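Encoded as structure tokens, the structure appears first; notes follow it.
Residue numbers (the UniProt record's numbering): 1 to 211.
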């Protein structure tokens, strides 16, 4: 066979590769348009959020001391905003701290401890909404927690409660999360599942570059 007769067979391969490249470019350019059309005509929605706690919307900034008057057990004034830069796990209860109160404090302590090397990024805060004395055994058991007395009416204005809940009973049902920018951003349900709560905290610590 002559060189002239073989030439067309060899030139077909480059032409085929060129067409494939052209089709690939056209497909890449068309992909966003096709995706947008599918979203529009099929009414596609992203999957539901997987967080366990309820997001507080809109987020509530920590009030200044004039609107959230806090004192330590020794009676010294305390500004909650001074803990900016840390994630805050917050609980509210009577100073007498019955079984349900102790359960929440235990969950907060275990969640805090389970974060391992991230432990320094989280602070625990117990807001005590009455003048009942705090048992010494509780103070010793939860060393490192901020024990702060607060006014119940100010807590009700600050902390996001579900519809129909109010007073100390409503406040005592939940654990709240305040972000490092001093915004209340999540509320955990009554009798929280410790594993699910820990999972939410872990996701936030992993995703956040602050705190």
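Even glycine gets a Cβ: it sits at the ideal position worked out from N, Cα and C.
Remember, predicted model here, so these are calculated numbers, not experimental data.
| task | In the DSSP assignment, find the alpha helix (DSSP H) that holds residue 114 and state where it starts and stops. | result | 99-114
| message | Judging by CA-CA distance, which residue of 166, 111 and 136 is the nearest neighbour of residue 203? | response | When C-alpha distances from residue 203 are compared across 166, 111 and 136, the shortest belongs to 111.
| Would DSSP call residue 184 helix, strand or coil? | Strand, per DSSP.
| Would you call residue 128 buried or exposed, if buried means 16 or more other Cβ atoms sit within 10 Å of its Cβ? | buried
| task | Rounded to whole angstroms, what's the CA-CA distance from residue 52 to residue 107? Just pull it up for me. | result | 15 Å
| Nearest-angstrom Cα distance between residue 64 and residue 79? | The C-alpha of residue 64 lies about 7 Å from the C-alpha of residue 79.
| For residue 195, does the count of other Cβ atoms within 10 angstroms reach 16, so buried, or fall short, so exposed? | exposed
| field | Three-state secondary structure assigned by DSSP to residue 120 | value | If DSSP states are grouped into helix, strand and coil, residue 120 belongs with the helices.
| said: Using 8 Å as the threshold, is the C-beta distance between residue 89 and residue 125 below it? | reply: yes
| By Cβ distance below 6 Å, which residues in the same chain neighbour residue 143 in space, the five residues on each side in sequence not counted? | none
| query | Among residues of its own chain, excluding the 5 on either side of residue 277, which ones have a beta-carbon nearer than 8 Å to its beta-carbon? | reply | Since the displayed the chain opens at 1 and closes at 211, residue 277 lies outside it and no answer follows.
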